Amino acid sequence: MAEPEKRVYLLRANEIAEQEATFSHPWNSNSQISGTRLSPIVGLKRVGVSFAKIPPGKESFIYHSHHREEEWIYIISGRAIAEIDGEEFDVGAGDFMGFPTPSVAHHLRNPYDEHLVYLMGGENLNVEIADFPRLGKRMLRLGEEVEIYDMSEAKSFDSRQ
Numbered sequence: 053m054a055e056p057e058k059r060v061y062l063l064r065a066n067e068i069a070e071q072e073a074t075f076s077h078p079w080n081s082n083s084q085i086s087g088t089r090l091s092p093i094v095g096l097k098r099v100g101v102s103f104a105k106i107p108p109g110k111e112s113f114i115y116h117s118h119h120r121e122e123e124w125i126y127i128i129s130g131r132a133i134a135e136i137d138g139e140e141f142d143v144g145a146g147d148f149m150g151f152p153t154p155s156v157a158h159h160l161r162n163p164y165d166e167h168l169v170y171l172m173g174g175e176n177l178n179v180e181i182a183d184f185p186r187l188g189k190r191m192l193r194l195g196e197e198v199e200i201y202d203m204s205e206a207k208s209f210d211s212r213q
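Every letter in the sequence shown is one number past the one before it in the numbering used here, and letter 44, counting from 1, is 96.
Below is the structure:
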């Protein structure tokens with residue numbers, strides 16, 4: 053009989069650093085985040101938590117909003133400009149941002165000389181819809197499948213017809 057696989061419940065700082073990866077959003081050439089997706093490593097499925105760093109002169113992803121998944125950001129160190137619903141805010145260590153759904157559009161950029169270090173997280177639902185208002189695009193995610201639509205091509209559905 054095979055031994056059951058041992059679950060990981062505790063991640064040490066060195067383990068988090070060893071699993072760090074760098075990624076960017078394909079629609080933003082200035083997007084660059086290094087970090088570790090913490091929640092899947094310890095077996096969390098319903099909530100996502102990640103440790104993230106944005107180097108000087110770089111940005112998080114792209115200006116976006118969520119229809120289903122709530123999201124939050126807690127800044128550990130450094131500073132950034134948070135764009136939230138078309139307004140810019142200077143944010144730094146100890147600041148917390150939360151985006152209940154349907155959320156307003158938001159984005160982070162780091163124009164400063166030091167890394168921005170933060171925790172981010174939110175829900176992991178099976179279905180998510182996100183809008184990219186400056187690009188006129190909508191993303192639909194069903195499980196692992198992702199589809200992108202031009203919002204200008206959307207048509208209203210009238211069930212009375």
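We put the CB at the ideal spot given by N, CA and C, even for glycine. Small disclaimer: the values here were computed from a predicted structure and weren't measured.
Around the Cβ of Phe-103, a 10 Å sphere holds 16 or more other Cβ atoms; the residue is buried. Inter-segment contact for the region 167-187 and the region 107-120 is present: three or more beta-carbon pairs are separated by less than 8 Å. By the 16-neighbour rule on beta-carbons within 10 angstroms, Ile-200 is exposed. In the DSSP annotation of this structure, the continuous segment of the alpha helix (DSSP H) that includes Ala-65 starts and ends at 65-70. Classified as exposed, Ser-208 has fewer than 16 neighbouring CB atoms from the shown chains inside 10 Å of its CB. Cβ-Cβ distances below 6 Å link Gly-100 to Ser-91, Gly-173, Gly-174, Asn-176 in the same chain, with the five nearest sequence neighbours on each side left out; the list follows chain order. Runs of the beta strand (DSSP E) lying entirely within the region 57-126 and spanning at least 3 residues, in chain order: 73-75, 85-89, 99-106. Counting C-beta pairs closer than 8 Å gives fewer than three between the region 130-138 and the region 81-97, which falls short of the contact rule.
In this structure, the alpha-carbon of Val-169 lies about 38 Å from that of Ala-206.
For the pair Glu-180 and Thr-153, the Cα-to-Cα distance works out to about 11 Å.
Cβ contact annotation for Glu-135 (same chain, cutoff 6 Å, sequence separation greater than five): His-159, in chain order. Boundaries of the beta strand (DSSP E) harbouring Ala-134: 131-136, taken from the DSSP string. Residue environment: Ser-211 is assigned as exposed (fewer than 16 neighbouring CB atoms within 10 Å of its CB, all protein chains considered). Look at Glu-140 here: in three-state DSSP terms it is strand. In this structure, Gln-84 sits near Pro-107, with a CB-CB distance shorter than 8 Å.
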